[in-house]
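Participant: I'd like to ask you about the structure that follows.
Chains as they are written, first to last, in this note's numbering: chain A, 1 to 341; chain B, 1 to 341; chain C, 1 to 341; chain D, 1 to 341.
So, in structure tokens, the structure goes:
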């Protein structure tokens, strides 16, 4: 069951579930689009869902679902989760930020609002399988991280964990495709605004900063300070994060690449090599491509990672978490080849 | 086995075979890229082919392959096919135009060169399953049609077959993404040339015209005359064909749509409805979306169809044909949902 | 003075007026953006208008303007023009369709509404200088045609005027950039919807059809019937019209090209040659590029034309008309070179 | 006279000269395109140069030119300049890097080749008018800097000059449109490679790094160390540089913005304000838009600047320099409004 099926993450869940051997979508809710055919909003799904219409959200709809994906705008999950967790057997994977931060005090600071269900924050596991596979396996409640966080953290966590880089002065300079901004038309997301343009946004105060810092803090076992600068690139999908950190002691490209390659050696979706990652290589797949360099001239450690913001950065990751939560093979229904070109 | 694995059709065959349950790629040839890692040329394939390198084409390589896909520039298949058809048990699916036309005289006219293996022309079945499924089933040699032909012919064949439209004065006005022009860099395909541009090309003399006319002639059982005007649109994938024909007698949108819907009622990959097709709806899938209108004011019948030129317009169709040729389920390894947005 | 300065046509008027030696913008109105700095909405204009804010429309604002451009959504000019034409000395150039059709009965048919100022329809001159230069010179009221009409009519008018092509069965198949749909965000104009997509829209019933037919009728001196099919291409600017017509008697590419070249021999903004027009060649300029072919196989006459929909298809044409109306040199402030690439 | 008129910088010089009141192009050379009509290679220029063909470079061609622009690939100017500087009255503006660095030893380090005319290095003035206006005025030989350098240096020079930021640990993370890679087709610049992709390139070793460091060193009056990371964005034009530096002592957004605004208060082409710069705002214009922020949380100073890489980042700047060199008004023939959208 998908709550919030009309946005891009919801539609991507529908796409991925259509070819998943063990998941069947019993219903997709969308309050603003209730009654609309899925195939009218997304003709790309007409082959797989020729006759499904969106339904309005009602708690009882959830009764027959073993698994619930929540793909809602920020803030909505906080209100819905308490209504649907009564049945102990049901699994929930939330794609929003509502249950990702472990400290309720961060919500007023970064989201300008008090959390509505702070007691549930510790019930949720942070849904990044590469770092928290054990906790996600069999978990009832998973808060899957989004695109920027996944991309930045997969690049940096091994290095802070290994003590190779300093935990302050880190800069994450990232560029995203426009689908990250959602389906609803806005001034900033019209074709004419974005096409042939490159610009920064959310400067200094992007809401995903505290998640990046939280996960890196856990890996480093000390406070980590990150300046995160997102940019908008004229493309539909894809995130590239270029991460800058100072080494703790002189290091080399080879040492940093080895650290990353070793960490992810048996990961099915993380590809570490010497190639410069391209967002387009990941299109439609659940992969994250990573490389790194150390500049002998200036000392900077540079790590670059790329993924598809709607797959490994959203719905693919949510399904990867659901697979783990339900005891299915982790890679079920998830591809490793990008649609190219 | 894929002969010509370094072009976009070859890479798409590699992508689709990676998730095909019954096809395994034993080798991919590429003379100009022999020795290059597949993953270096296409990092998008690094997850599925981490250690495969292109090999040069040599006839003996083919010995261990039950199925050979040929994805070569025009003219090359004519020279290779005679070398590799000695083994009776092997199936060949050619993605080029070399064996599509049934009349050898058309090659000098449209391709400015004499056919090198005219005696084989009648050995090949035209690989459009929606029209020639019976012949393709179990066939040894299949010539799969390309993007423009598939798109135009799926739109028009039912109408000429039903006698609903006149067989002269037909116009097919189509727009294609740039991948149709291949991987090799050319003046006309650089980003700066194509980006923000829309233009016609190949005016009056595009090589796929005689294929469109041939298939429609077979459906109509009489000569069919088509003016085909391709355009280049600033996108990587996708073909949209807007087809104009005069009705044989006054008709209606409803009658024309019914004719198309009835024809394709049980087709797994053709979707007929009232929605205006978008190329993007088909991205990465093997579907063709079709609609039609009749203009009560001017009488014109307008049929519009869309598909992904590298899937239903090339490699997906080739696999659909291979499935039929090998006796596998026709839809094996082929998706019906587009990657969107 | 620009009434409706916040849309793309309004902004383009501001851009062109900034480098026009004889026009100075005394004010730009925008009801929904009143109080907003021009440079906040269009940072591209911050160099030329660092301190101008939009004002709300009020009839008295017009008092000090010798020339008024109206760049409003359809229907608004009908209500405003009667308020501002009292001063005999003032010139008006309307960029909307409100005063383009000469037959008030066409408005209910194509725009689903009765015209509010039908008596003014005959006061307005149709602002296509290449066809109606004499009437526009010194005119008080000019209704400048839009992008599709200008592009189609410049391609076809000389041929129907010369009797080279039949006046029925004409098809205009055109593709437009997204700026033609305006600045206000809509589902159909978000980046993710348009990017990598090509689609038809407004099938059979696009509102500019009767204008095309009206102008061609005047040139042909008989009724002309056109089927007009617009498409949306993933680019910000540009229109390409591919026009199909049957010859009245057998003709040749050379004859058709000569007819066009002779007609426009002394036109400063129309370029006729054998090259296939690219929309990108016209970017930012007031030019229209035209070519033609005759297909010896099928007989069709094909004429292709390209222009920048916001310049020669809107604001550039309006300034060209204003130059003529005010007695200035016609090319004043208008460029003939495109920004490329 | 333009030597190297067939590349994008050469074509942009032709475009800008076409509307320059005091410059007339007597000839444009292009060895590989000699004999080709300018309008065939660039139909966008057909309105302004209907009958000009490229000529091969020969030293005597230069004889009648008061001003020579060199728009050649790196290395070529070193060979040509000695041939054409014999006439004392002639002015030269070189758009390549050949004469930008003041230390000949940097050429083998960054360009892997020894400089061919090291004695001329000190004859050339660095053509960045905002920093070196006095030296450029009346200069015979000007080496105009390119897009990355201009964009980065305009952002950072005032801050290092004022001692507001530290001179080590600076990171310039920039994204460029594809025209920066030139007109000649390459694997990395085909539409299908670039479209929908974002990637880094030239990591750690981009050739423009030493120019950035050289100019900042002059402003800081001490060594400056910069890590420069260029990215390729799917757009034709535009550069955005996001620059990170540590403050020398705690500072604020307001202080940093004031420093920039005061520095450029009377500059015709540099616009400093609180708005986040968009590359698209500068399209076709000679402007550079700059803003800055100081992050109170992490202390980082972030300066962001945008310009059109072919105008202020190449040919526009070259003309600005030529204006100064020839004693013309500096803004002659150069626009401040971007073509938008």
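Cβ coordinates follow ideal geometry from the N, Cα and C atoms, glycine included.
1. Return yes when the Cβ of residue 248 (chain C) is within less than 8 Å of the Cβ of residue 163 (chain C), no when it is not.
2. Please list the residues of the stretch 187 to 206 of chain D that have a C-beta atom closer than 7 Å to any C-beta atom in chain B, keeping them in chain order.
3. Might you give, ordered along the chain, the residues of its own chain that have their beta carbon closer than 7 Å to the beta carbon of residue 41 (chain D), omitting 5 neighbours on each side?
4. Measuring CA to CA, which of D:307, D:152, D:301 and D:293 is closest to residue 281 (chain D)?
5. Look up residue 37 (chain C) in the DSSP assignment and say whether it is helix, strand or coil.
6. Report the start-end ranges of each alpha helix (DSSP H) in the stretch 243 to 329 of chain D that is 4 residues or longer and not cut off at the edges.
7. Looking at residue 2 (chain B) and residue 99 (chain B), is the spacing between their C-beta atoms short of 8 Å?
8. Start and end of the alpha helix (DSSP H) containing residue 9 (chain D)?
9. Which partner residues does residue 69 (chain A) have in the DSSP bridge list?
10. By Cβ distance below 7 Å, which residues in the same chain neighbour residue 293 (chain C) in space, the five residues on each side in sequence not counted?
11. Evaluate contact between the stretch 85 to 97 of chain C and the stretch 136 to 152 of chain C, counting only Cβ atoms and requiring at least three cross-stretch pairs below 8 Å.
12. Using DSSP with H/G/I as helix, E/B as strand and the rest coil, what is residue 233 (chain B)?
13. Smallest Cα separation from residue 182 (chain A): which of A:314, A:36, A:327 and A:49?
14. How far does the alpha helix (DSSP H) with residue 152 (chain A) in it extend, from its first residue to its last?
15. Does residue 303 (chain C) have its Cβ less than 8 Å from a Cβ in chain A?
16. Would you please state the rounded distance, in angstroms, between the beta carbons of residue 16 (chain B) and residue 25 (chain B)? I believe it to be under 8 Å.
17. What span of residues does the beta strand (DSSP E) with residue 170 (chain C) cover, start to end?
18. For a contact defined as C-beta to C-beta under 9 Å, what are the partners of residue 230 (chain D) on chain C?
19. Do you know how far the Cα of residue 72 (chain B) is from the Cα of residue 225 (chain B)?
20. With residue 215 (chain A) as the anchor, note down where its alpha helix (DSSP H) starts and where it stops.
21. Going by Cα to Cα distance, which pick from D:322, D:296, D:274 and D:115 is closest to residue 305 (chain D)?
22. Taking 8 Å as the threshold (C-beta atoms), are residue 234 (chain A) and residue 234 (chain D) in contact?
23. Starting from residue 76 (chain D) and walking both ways along the alpha helix (DSSP H), at which residues does that stretch end?
24. May I ask you to list the residues that DSSP assigns as paired with residue 141 (chain D)?
25. If the cut is a Cβ gap below 7 Å, which residues of chain A does residue 42 (chain B) touch?
26. For residue 198 (chain B), name the three-state secondary structure that DSSP assigns.
27. When you compare only the Cα positions, how much space is there between residue 127 (chain D) and residue 329 (chain D)?
28. For the stretch 13 to 24 of chain D, enumerate the residues whose C-beta is nearer than 7 Å to any C-beta of chain C, in chain order.
29. Please check if any C-beta of chain D sits within less than 8 Å of the C-beta of residue 11 (chain C).
30. Could you tell me which residues DSSP puts in a beta bridge with residue 240 (chain B)?
31. When you compare each of A:60, A:336 and A:192 to residue 80 (chain A) by their alpha carbons, which one comes out closest?
32. Applying the 10 Å Cβ sphere with the 16-neighbour rule, what's the burial state of residue 86 (chain D)?
33. If I measure Cβ to Cβ from residue 37 (chain C) and keep anything under 6 Å in the same chain, skipping five residues before and after, which residues do I get?
34. What are the boundary residues of the alpha helix (DSSP H) that residue 133 (chain D) is part of?
35. Tell me where the alpha helix (DSSP H) around residue 56 (chain C) begins and ends.
36. Buried or exposed for residue 289 (chain B), please, with buried defined as at least 16 other CB atoms from any protein chain shown within 10 angstroms of its CB.
Facilitator: A quick look at the data gives this:
1. Here the question's residue 163 (chain C) lines up with position 163 in the third chain. Here the question's residue 248 (chain C) lines up with position 248 in the third chain. A contact, by the Cβ cut-off of 8 Å.
2. 187, 189, 190, 191, 192, 194, 195 and 196
3. For this step, residue 41 (chain D) is matched to residue 41 along the fourth chain. Correct list, in chain order: 6 and 33.
4. The sequence position of residue 281 (chain D) within the fourth chain is 281, counting from 1. Ranking D:307, D:152, D:301 and D:293 by Cα distance to residue 281 (chain D) puts D:307 first.
5. As a first step, residue 37 (chain C) must be located in the third chain, where it is residue number 37. The answer is strand: DSSP assigns residue 37 (chain C) an E or B state.
6. 253 to 263 and 316 to 326
7. By 1-based counting over the second chain, the position of residue 99 (chain B) is 99. By 1-based counting over the second chain, the position of residue 2 (chain B) is 2. No, Cβ-Cβ distance for residue 99 (chain B) and residue 2 (chain B) is not below 8 Å.
8. Here the question's residue 9 (chain D) lines up with position 9 in the fourth chain. Taken as a continuous stretch (DSSP letters only), the alpha helix (DSSP H) holding residue 9 (chain D) covers 8 to 18.
9. What you label residue 69 (chain A) is simply residue 69 of the first chain in a count that begins at 1. Note: residue 69 (chain A) sits in a beta bridge opposite A:2 and A:93.
10. Position 293 of the third chain, counted from the first residue, corresponds to residue 293 (chain C). Excluding positions up to five away in sequence, the list reads 253 and 302.
11. yes
12. Taking the second chain and counting its residues from 1, the one referred to as residue 233 (chain B) is at position 233. Three-state DSSP puts residue 233 (chain B) in coil, outside helix and strand.
13. Position 182 of the first chain, counted from the start, is the residue given in the question as residue 182 (chain A). It is A:314 whose Cα lies nearest to the Cα of residue 182 (chain A).
14. Numbered from its first residue, the first chain carries residue 152 (chain A) at position 152. Boundaries of the alpha helix (DSSP H) harbouring residue 152 (chain A): 147 to 161, taken from the DSSP string.
15. Start at 1 with the first residue of the third chain, and residue 303 (chain C) comes out as number 303. With 8 Å as the cut-off, residue 303 (chain C) does not count as an interface residue toward chain A.
16. Here residue 16 (chain B) refers to the residue found at position 16 of the second chain. Here residue 25 (chain B) refers to the residue found at position 25 of the second chain. Residue 16 (chain B) to residue 25 (chain B), Cβ: 10 Å. No contact.
17. As a working mapping, residue 170 (chain C) is identified with position 170 in the third chain. Bounds of the beta strand (DSSP E) holding residue 170 (chain C) are 170 to 176.
18. Within the fourth chain, residue 230 (chain D) is the residue found at index 230, counting from 1. Within 9 Å Cβ-Cβ: nothing; residue 230 (chain D) doesn't reach chain C, min ~19 Å.
19. As a working note, residue 225 (chain B) is residue 225 in the second chain. As a working note, residue 72 (chain B) is residue 72 in the second chain. If you take the alpha carbons of residue 225 (chain B) and residue 72 (chain B), they lie about 29 Å apart.
20. Locating residue 215 (chain A) in the first chain gives position 215, where the first residue counts as 1. That run of the alpha helix (DSSP H) goes 209 to 220.
21. Taking the first residue of the fourth chain as position 1, residue 305 (chain D) is located at position 305. Ranking D:322, D:296, D:274 and D:115 by Cα distance to residue 305 (chain D) puts D:274 first.
22. Counted from its first residue, the fourth chain places residue 234 (chain D) at position 234. Counted from its first residue, the first chain places residue 234 (chain A) at position 234. Yes; because the gap between Cβ atoms is below 8 Å, this pair is in contact.
23. The sequence position of residue 76 (chain D) within the fourth chain is 76, counting from 1. Counting along the chain, the alpha helix (DSSP H) containing residue 76 (chain D) begins and ends at 76 to 84.
24. Taking the first residue of the fourth chain as position 1, residue 141 (chain D) is located at position 141. Answer by DSSP bridge pairing, in chain order: D:92.
25. Taking the first residue of the second chain as position 1, residue 42 (chain B) is located at position 42. In chain order: 340.
26. Taking the first residue of the second chain as 1, we reach residue 198 (chain B) at position 198. Coil, per DSSP.
27. For this step, residue 127 (chain D) is matched to residue 127 along the fourth chain. For this step, residue 329 (chain D) is matched to residue 329 along the fourth chain. Cα to Cα, residue 127 (chain D) sits roughly 16 Å from residue 329 (chain D).
28. 15, 18 and 19
29. Reading the third chain from its first residue, position 11 is the one you call residue 11 (chain C). Answer yes: the Cβ-Cβ gap between residue 11 (chain C) and chain D drops below 8 Å somewhere.
30. Counting from 1 along the second chain, the entry for residue 240 (chain B) is found at position 240. DSSP lists B:175 and B:306 as partners of residue 240 (chain B).
31. Locating residue 80 (chain A) in the first chain gives position 80, where the first residue counts as 1. Nearest C-alpha to residue 80 (chain A): A:60.
32. Along the fourth chain, read from residue 1 onward, the residue named residue 86 (chain D) stands at position 86. Exposed: under 16 other Cβ atoms inside 10 Å.
33. For the purposes of this step, residue 37 (chain C) is identified with residue 37 of the third chain, where counting begins at 1. Cβ within range, chain order: 53.
34. Stepping through the fourth chain from its first residue, residue 133 (chain D) is reached at position 133. Residues 129 to 136.
35. Counting from one through the third chain, the residue named residue 56 (chain C) turns up at place 56. That residue, residue 56 (chain C), is in no alpha helix (DSSP H); it is neither H nor E in DSSP.
36. Locating residue 289 (chain B) in the second chain gives position 289, counting from the first residue. Residue burial annotation: residue 289 (chain B) is buried, with at least 16 other C-beta atoms found within 10 angstroms of its C-beta.
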